[in-house]
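Data first, discussion second: the structure below is written as structure tokens.
Residue numbers (the working numbering): 452 to 1324.
Next comes the structure, spelled out in structure tokens:
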């Protein structure tokens, strides 16, 4: 294969050394012959051998070096996919397009998702590759007739395919019904009750006249696809099996009709094979549509119009597509909120169940965020649009679910490898047994004639006696062995269950980023919770202020807390300690800092602006206030400044044992010795459902841990309240060290799920086997997380694990059925124990049964698991 040259848009480079680093990372790859990286244009040019190294590996090398490559993703439908091998063929064609990083074709959804280097290719080129492979890309904005501006091209194409398969099935069934009557009469009654002629025409010719239109019209798509697979793509698929089986029966029957060979005709078999397979395709197409019905219903929930409120108060109704960011919309009771936004006026309860899965309406008022397509229950709201069109939370959910459906679990790789070699192996097996039956009919008949199903074979044991020719029987065996083997059930087993599982997750406020995430979530044995905002509400409140003088806590009148008197040059009061702490913390955005500032203002204290503010990660803050350096933080912060925190030890221990976060306040004058001023404490409320979530996880024999930057004593107090073993608490962990802590847990051989808020915990989420961002609200696109929970409820972690477990169970059921079916049926057909018609019916039934089993999964609700535990409801 000729070398390829691809241009990359590289992000994150800040100097010439960066471009050299990227260049070195690329040139060290096997298969890369040349790489040039230009820092001035942020571009790179790579010449490589696609047989030695993939573009995906090249992009990964850039990312491993600490930089990024600008990529785009195209998702579009594909018509005419008839089996898993077709999907693999199309996937290979897309992978071969220069600039494509990764291509995935999902047979269950008839969709392709392609990630490609920006500027290196285009959707049109991707569509051309699909067409060149012999399949039909469904372009957005077109329906199946080419009409522009169709509302949903893929949905339109799917409905058209269902109609087409239904028409073919009805047509074929009408012509094949008399042939089926003849077949049943022969099998069950010995063929002695019907006359040999119909209106003077021999039944053999009647069969020819009825079977030929079926062969032409119903067989045409199978012949076309088989030709494309063999000639253009040089690989066999299911259409090849169907075309071989049906054509063998038809051609042999024509030869008998023309007296070229001796035997009986099989026009009934040839026609009924195509009718049964087409019926199976029709049922399969309907099942695929039903599997994605929940996601389509979610999209249908979007509002069609919005009532805009102009600056002068005038109202006008516009299509929701015309709403722009910043527009104000009036939402009356019972109406759907048109887009994502912020409430600027009014109060009401909003039903957010379609996004979060929470059935209880949420009270909304000024300043609260609302999600588009949710329902305003009672009051009138005025909402300012913040995200519109494709940027809304609902569209993000749909995109996330569709991307998840395109990423299959690793278990699917086994099925894909089997499918790739399955059809050639089936054809070889059928040829082998056909030849064996032709050469050794008496020997094989003697071996298997004791089987009760022997009578289902035309001629059966009479082969040895000469009633049926050995050639005829060999043809029957060949056709049956070809038709019985269906790789479609194997190809549908995983994507069908994954499609339903990810949709169930979305309906319950749990977004999985891929089918592979479902698999990893099921294997989790350790759940690591962040504390603040995950197990607790994350809304800190000031609870205590303790002033110190001469190493002893004081009250505002200067009395020592133990009843004595202290004499100090400048006796600090609680309000003074709080003023200094709040002024120093005003420069911080940390929840602890905001609680101190808000608490000071609530007491009427004037909080000024600090000078020379500095955040000290993992320790606290320091700032200049009134000409002196004020320190607010932990013991290490004060020790580093030369202040002894020991006098506050008893107070700190008391507050921390109550589950509060205690912070020392110290001051270092411009010229002088630092002094301990006091202690301030904040408290965070533990979420009511936290202990229920921990109990449910432990009931599943999962190890539950807590990781926090808070002090040991406070962390243990919270852990005790929610039911986490104190030995599983990792406290005083710096933000940058959280990922190392998770990595250390996994180095012990555990599969860890890290549950955090998706911001400060992003590195830890990325390192964990499964990263779970909890309570993201309308922001469902947290890159670091594998699972996004739409609600601030730790119980949804259990829900995510339950859904993943149920989905993997369903996948295994499908795979067992598909593999078991082929394992059982191929030997039966090879031994001559099945009629080709029965083989065709069983072949069609196998795919339909896998889809039906997956559709039954739609009734699963993870809340049922909560009721079983008796804790959540």
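Cβ atoms here follow ideal geometry from the backbone N, Cα and C, with glycine treated the same way.
Values in this document were obtained by computation on a predicted structure and should not be read as measured data.
Scanning its chain for C-beta atoms nearer than 8 Å, with the 5 sequence neighbours on each side dropped, one finds around residue 626 the residues 661, 662, 664, 665 and 722, in chain order. DSSP, reduced to helix, strand and coil, places residue 922 within a helical segment of the structure shown.
The alpha-carbon of residue 1222 is positioned some 12 Å away from that of residue 1251.
According to the DSSP assignment, residue 1118 belongs to the beta strand (DSSP E) that extends over 1112-1119. In the three-state scheme derived from DSSP, where H, G and I count as helix and E and B as strand, residue 1286 is classed as coil. A distance below 8 Å between beta-carbons, with the five flanking residues on each side excluded, links residue 1185 to the following residues of its chain, in chain order: 1068, 1069 and 1160.
Here DSSP, grouped into helix, strand and coil, assigns residue 831 to coil. As computed with DSSP, residue 1223 is found in a beta bridge with 1206 and 1238.
The residues 1070, in chain order, have a CB closer than 6 Å to that of residue 1087 in the same chain once the five nearest residues on each side in sequence are set aside. Around the beta-carbon of residue 1214, 16 or more other beta-carbon atoms lie within 10 Å, marking it buried. By the criterion of at least three beta-carbon pairs nearer than 8 Å, the stretch 1264-1282 is not in contact with the stretch 981-989. The beta strand (DSSP E) runs lying completely inside the stretch 696-770 and spanning 3 residues or more are 756-760 and 766-770, given in chain order.
In chain order, 700, 1287 and 1288 place their CB closer than 6 Å to the CB of residue 720, counting only its own chain and leaving out the 5 sequence neighbours on each side. The beta carbon of residue 482 sits closer than 6 Å to the beta carbons of 499, 500, 503 and 504 from its chain, once the five residues preceding and following it are set aside; these are given in chain order. Annotated three-state conformation of residue 542 is helix, per DSSP. When the Cα atoms are used, residue 989 and residue 519 turn out to be separated by approximately 33 Å.
Pairing residue 804 with residue 831 gives a Cβ-Cβ distance that is not under 9 Å. Distances from the CA of residue 587 to each of 624, 623, 538 and 618 were compared; the closest alpha carbon is that of 538.
Annotation for residue 517: no beta strand (DSSP E) segment contains it, and DSSP assigns it neither H nor E. When secondary structure is reduced to three states using DSSP, residue 1058 falls in the coil class, being assigned neither helix nor strand. The C-beta distance from residue 728 to residue 961 rounds to 38 Å, too long to fall under 8 Å, and the pair is not in contact. Going by DSSP, residue 1157 is part of the beta strand (DSSP E) stretching over 1154-1158.
At a Cβ-Cβ threshold of 9 Å, residue 1078 and residue 1125 do not count as neighbours. In the three-state DSSP reduction, residue 529 falls in the strand class (E or B). By the neighbour-count criterion, in which a residue is buried when 16 or more other Cβ atoms sit within 10 angstroms of its Cβ, residue 558 is buried. If you check the CB distance, residue 1259 and residue 943 do not come in under 9 Å. Judged by DSSP in its simplified three-state form, residue 1175 adopts coil rather than helix or strand. Per the coordinates, the alpha-carbon of residue 780 lies some 30 Å from the alpha-carbon of residue 1244. Per DSSP, the beta bridge partners of residue 963 are 1238. Shown here, residue 975 sits in coil according to DSSP, grouped into three states, outside any helix or strand. In the DSSP assignment, residue 1256 falls outside any beta strand (DSSP E) and lies within the alpha helix (DSSP H) extending over 1246-1281. DSSP, reduced to helix, strand and coil, places residue 778 outside both helices and strands of the structure shown, so it counts as coil.
Counting every other CB atom within 10 Å of its CB across the protein chains shown gives residue 974 a total below 16, marking it as exposed.
Across the structure, residue 956 and residue 1038 are spaced so that their CA atoms are roughly 40 Å apart. Rounded to whole angstroms, the separation of the alpha carbons of residue 1165 and residue 1140 is 19 Å.
The beta-carbon distance between residue 934 and residue 1290, rounded to whole angstroms, is 4 Å. This is short enough to meet the 8 Å contact definition.
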